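When you read off a place in the first sequence, starting at 1, and then add 3, the result is the number in our numbering.
Working notes, structure below.
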Amino acid sequence: MKIMSWNVNSVRVRHDRLLALLDRHAPDVLCLQELKTEDKGFPFEAVRAAGYHAVTLGQKTYNGVALLSRTEPAEVLRGLDDGVEDPQARLISARYGDTRVVCVYVPNGGEMGSEKWAYKQAWYARLIAWLSRNASSRDALALCGDFNVSFDDRDLKDPAAWVDGVLYHPDARALLKGVVDWGLVDTFRQHQSEGGHYSWWDYRAGAWQKNDGLRIDFILATQALAARCTAAGIDIAERKPPKKSPDGKDDNPSDHAPIWAEFGDAAG
DNA sequence: ATGGTTGCTTAGCAA
4 MKIMSWNVNS
14 VRVRHDRLLA
24 LLDRHAPDVL
34 CLQELKTEDK
44 GFPFEAVRAA
54 GYHAVTLGQK
64 TYNGVALLSR
74 TEPAEVLRGL
84 DDGVEDPQAR
94 LISARYGDTR
104 VVCVYVPNGG
114 EMGSEKWAYK
124 QAWYARLIAW
134 LSRNASSRDA
144 LALCGDFNVS
154 FDDRDLKDPA
164 AWVDGVLYHP
174 DARALLKGVV
184 DWGLVDTFRQ
194 HQSEGGHYSW
204 WDYRAGAWQK
214 NDGLRIDFIL
224 ATQALAARCT
234 AAGIDIAERK
244 PPKKSPDGKD
254 DNPSDHAPIW
264 AEFGDAAG
């Protein structure tokens, strides 16, 4: 089973790239974040024609998440569903066979001390509560998406430049640790211990050209699932800006690269 | 350089 996750940064602008990604990787499940459209703007027909089921939690302008899959999803859950008044579409989950997949777009957090930072802190706490309500760390579960936090110095080109910000402040790292401590393993680090592997490069200031990136997208697995993880990686080629085409038609990449993890079949 | 770029929605916000 190959699980992928991609912050697509507008599913409408990335329509052709999405179909190409499905063709290139043939994932069993693809988690998408930042659809930036309501459900009616999602390309259901094209995805179905490519051989995928799709369940979505869209939102106008911002956020929005989806799960694409070869097999039919079961037990689809939308939103944090905790009684908190919150219009932001940031979580969708479904079960595929024995494995529950959770797709999240964690809030960025703006600046430390801001209202957005408070929302990010609260959202992490609500996510852990959601996990405890809807799953067990003994189950096969993959929590995938854009977590807007890096784990450690290996995950950033320039840790000093980010340590006071919402993506890498010690208080931000503590939020991510809280999720991992619920009972999850970073599948990428099961297979790669070196630094210099990133999943997001700011569009601004030539970050891609300087490889000034951060690894903030993860596929986190419970021990039951992580034990079957045979490989994991990042498709950085998808992030590479293409040569300007002669007709001037934009074919920009998302600012995030897709990430993936492969899992063997469950024993017995 | 309080900068830079992209997307949604149309001048300002979010990332």
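Backbone N, C-alpha and C define an ideal beta-carbon position, used for all residues, glycine too.
Please read these numbers as outputs of a predicted model, since none were measured by experiment.
Limits of the alpha helix (DSSP H) - the one that residue i falls within
i, result
"His18", "His18 to His28"
"Gln142", "The amino acid at residue 142 is misidentified as Gln; the sequence shows Asp. No alpha helix (DSSP H) contains Asp142, which DSSP labels as neither H nor E."
"Leu179", "Pro173 to Asp184"
"Ala270", "Taken as a continuous stretch (DSSP letters only), Ala270 belongs to no alpha helix (DSSP H), as it is neither H nor E."
"Arg192", "Thr190 to His194"
Bounding residues of the beta strand (DSSP E) (the contiguous stretch that carries residue i)
i, result
"Phe3", "The structure shown does not extend to residue 3, since the chain is modelled only from 4 through 271, so no value can be given for it."
Residue i in three-state terms, based on DSSP
i, result
"Thr259", "The amino acid occupying residue 259 in the given sequence is His; Thr does not appear at that position. Three-state DSSP puts His259 in a strand."
"Trp133", "helix"
"Tyr108", "strand"
"Gly236", "strand"
"Gly44", "helix"
"Trp165", "helix"
"Trp211", "coil"
"Leu228", "helix"
"Trp203", "strand"
Opposing strand residues paired with residue i [DSSP bridges]
i, result
"Lys5", "Glu265"
"Ala57", "Leu71"
"Asp81", "First, the amino acid is wrong: residue 81 is Arg here, not Asp. For Arg81, which the question treats as bridged, DSSP gives the partners Ile95."
"Val32", "Ile6 and Ser72"
"Arg15", "Paired residues: none, contrary to the question."
"Thr102", "Tyr99 and Ala143"
"Pro113", "The question names Pro, but residue 113 in the sequence shown is Gly. The partner list for Gly113 (beta bridge, DSSP) is empty, contrary to what the question assumes."
"Asp282", "The chain is shown only over 4 to 271; residue 282 falls outside these bounds and no answer can be derived."
Proximity of residue i and residue j at Cβ, strictly below 8 Å
i, j, result
"Phe221", "Asp189", "yes"
"Ala53", "Pro76", "no"
"Thr64", "Leu38", "no"
"Gly61", "Ala92", "yes"
"Ser257", "Arg17", "yes"
Where residue i falls, given that 16 or more other Cβ within 10 Å makes a residue buried
i, result
"Val79", "exposed"
"Pro110", "buried"
"Asn151", "buried"
"Pro261", "buried"
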